[in-house]
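Report on the following structure.
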């Protein structure tokens, strides 16, 4: 089954909103063996949208359209679909009562916009939206399908997972595509490539992509095979061969986040962590607490931007800061020790550095970051030199700090 | 000038990487009056990419291609360009010595990949990449232009701003497009629409889009006019009329972030802030410290996930937590007071709630969040009921907390 993804909205075409929806949809379609052949983006204009609907309907077996189903005047997708499928709008009682429930729960009164949201194209099958007012719509004709979903990301995601994927899975059938992504960090793309060596014997017909980001380089293996089980077996063979060469740099796979990997390790080992952040400014705490259940191993974190707060909250000695500077090995270690000590945690982790764009010097340029750790194996601080704008330096430093904890737990290096 | 943006990479087509590049490029092109007519995404396949290059070259005056210029085997853009423009590769000495400098600064040895990266198409003009190894490439023929840029976002951004936009600005000329986005928070899309009333007299020919997100609803005004000055004047008229109706909900404009707006207000008023986060888990601290110069008003923040840490770091009484529960008005206020007191800050801000997906109860369902503040006007806590998955609840709560500080500073409500 060949799919197109069409995203609608002037906000995308002028670059105001980043298109996360097309990536999510592509990932889910790939997961059931549906190949995405094209992604396109058009504005909130009836004619352009109608043209795009027509060409996707002709070229693809399945078109997924998102955006433009809301209650305001610039939402043109429903109108375009009514015209394209030569149908009209009727009130759907189930949609209407669902909207009434949602509004009541939020203490929001019924408005004309809600009347409008209760209308659906007569020829469409309604796909329920449990978390929002605009339902999904499915059109089916001559073996082809077009599915329209609201553009609000978590509403679209909910509908995809609860309804669209279950509906498409039995239709996808046939040949299987499998992707496996191995997540590395702490090694540059060119080094990773050199360590992997000759790719042909490694891959045996599979393909491999290198995807660099501030968090590290991802290695994506792709296999096409006649059956799901064969695809899975071949992906695993390639994964095993790659791991044999670069295992130490791989912290996870697929959509895993470092904080989830680390959370699992801490939970299994019954360890707790406390964090003292200077240059990462709360990003490590934010990432750790993005994991459901993190309250079991995160007791507290502190963001100590000032020297006074490093002294007061972490017991770092003023004389040490005066002698070495706040961005130094000894202060990083004292911060980590102070964080663990104050919280009674097993592991203390710290960052202190210069995120930029100002504050750098010749000796300590922007991007200089010390990461300190105090854990059952002892104390250590490592110096890093990161590049990029402020937010990228924060991201790289947070990732390197979490990776340091992971490596210490696994006794790597 | 009509532009297409073409992004290249299997990682995009399978949804592994979110396409932030096309949004960035579109924003910059719009800024100099260049309309983006289409955004398309293709995979790392020579034939598909060549086809896409050809159709964009035919349909648009300007095509910007990103991705696939790196050193590994799956980077096919340079090859596709060499074929499309019927040219060959030659070593560029300036590119070569720039790569040598970059590698030396990073203590990375010269490899065959670096030799390869020094090759550029003979017909292309090199656009320097100050922060990475792959240069940008410009092809120019018969009044049409194609520009290829690396896919690493901050490298692409650097090249766009330093070289591509200055190069295109004098060519864009003519009619002007102006966008202005007013950022609102704390009001639902349907309410905002109702408060604005009849849009026609409000807009006078301009267009208005409603863009909802977890952080609030953005209102984007778009004006097309014969000259830059006229476009600017008309955008300002519409903005003034909109502000007259919904000013209290507008915290900023265009690409401003709440944390920058708030940072400016705190700086002007010589105020400092300390934050105690429970359910937002460091996100407020992370956002505040994303602003360069935030060390002037952020002394410290604490993430107090456990009851013990609320007692130890913030002086919240154990008996209060036992009596009211950690998610309560009184604990929120005590946390805010404790944060400000410990740091000697002018403003204390706190969050305590249930981010989910577990931990909810009938009385305190997932999404229940108390936000507390202690500032020169007194103490207050407000209860919110947010919807969405864990990360969205964190985002909504962080935004509402920052907005509460803003409103208190402006004495709104």
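Residue numbers (the numbering used here), protein chains in the order written: chain A, 691 to 1103; chain B, 691 to 1103.
From the three backbone atoms N, C-alpha and C, an ideal C-beta is built for every residue, glycine too.
All values reported here derive from a predicted model rather than from experimental measurement.
If one requires a minimum length of 4 residues, the alpha helix (DSSP H) runs lying completely within the region 851-912 of chain A are 855-862, 879-886 and 889-893, in chain order. The beta-bridge partner set that DSSP reports for residue 1074/A consists of 1059/A. Under the 8 angstroms Cβ criterion, the region 1005-1019 of chain A does not count as touching the region 970-984 of chain A, having fewer than three qualifying pairs. Residue contact with chain B for residue 941/A: absent (no Cβ-Cβ distance below 8 angstroms to any residue of chain B). Between the alpha carbons of residue 751/B and residue 858/B lies a gap of roughly 11 angstroms. At a cut-off of 8 angstroms between beta carbons, residue 789/B makes no contact with chain A.
Nearest in C-alpha terms to residue 778/A, of all of 709/A, 770/A and 705/A, is 770/A.
Around the CB of residue 1022/A, 16 or more other CB atoms lie within 10 Å, so the residue is classed as buried. Contact fails between the region 989-1002 of chain A and the region 1068-1085 of chain A, because fewer than three Cβ pairs, one in each stretch, are under 8 angstroms apart. In this model, residue 987/B and residue 812/B are separated by some 53 angstroms (Cα to Cα). Residue 707/B and residue 938/A have their C-alpha atoms roughly 24 angstroms apart. Around the beta-carbon of residue 800/B, fewer than 16 other beta-carbon atoms lie within 10 Å, marking it exposed. One thing to note: residue 738/A has its Cβ no nearer than 8 angstroms to the Cβ of residue 876/A. Residues of chain B whose Cβ lies closer than 7 angstroms to the Cβ of residue 1081/A are, in chain order, 980.
Residue range 918-936 is occupied by the alpha helix (DSSP H) that includes residue 924/B. Between residue 841/A and residue 711/A, the alpha-carbon positions lie close to 7 angstroms from each other. Taking 8 angstroms as the threshold, the shortest C-beta distance from residue 709/A to chain B falls below it. The Cβ of residue 1047/A sits closer than 8 angstroms to at least one Cβ of chain B. Against chain B, the beta carbon of residue 999/A has neighbours under 8 angstroms at 989, 990 and 1033, listed in chain order.
Rounded to whole angstroms, the separation of the alpha carbons of residue 1098/A and residue 955/A is 11 angstroms. With fewer than 16 other Cβ atoms inside 10 Å of its own Cβ, residue 744/A counts as exposed. Nearest CB-CB separation between residue 714/A and chain B: below the 8 angstroms threshold. The beta strand (DSSP E) runs lying completely inside the region 735-809 of chain B and spanning 3 residues or more are 752-756 and 779-781, given in chain order.
Taking C-alpha positions only, residue 895/B is separated from residue 915/B by approximately 10 angstroms.
Chain order gives no chain A residues near residue 1086/B, where near means a beta carbon separation below 8 angstroms; the closest approach is about 11 angstroms. Within the region 1027-1057 of chain A, complete beta strand (DSSP E) segments of at least 3 residues are found at 1037-1043, given in chain order. Counting other Cβ atoms within 10 Å of its Cβ, residue 1013/B stays below 16 and is therefore classed as exposed.
Rounded to whole angstroms, residue 741/B and residue 733/B show a C-alpha spacing of 12 angstroms.
Inter-residue distance for residue 728/A and residue 772/A is about 24 angstroms (C-alpha atoms, whole angstroms). The way I'd put it, the region 868-884 of chain B doesn't touch the region 843-855 of chain B; fewer than three beta-carbon pairs between them come closer than 8 angstroms. When the five nearest sequence neighbours on each side are left out, the beta carbons in the same chain lying within less than 8 angstroms of the beta carbon of residue 782/B are those of 808, 809, 810, 816 and 825, in order along the chain. Residue 1102/B is classed as exposed because its beta carbon has fewer than 16 other beta carbons within 10 Å across all chains shown.
Of all residues in the region 881-901 of chain B, only 881, 883, 884, 889, 897, 898, 899, 900 and 901 come within less than 8 angstroms of chain A when Cβ atoms are compared, listed by chain position. Residue 944/B carries a coil assignment under DSSP once its states are collapsed to helix, strand and coil. From the beta-carbon of residue 993/A, the residues of chain B found nearer than 9 angstroms are 965, 972, 975, 976, 978, 979, 988, 990, 991, 992 and 993.
Beta-bridge analysis with DSSP links residue 712/B to no other residue.
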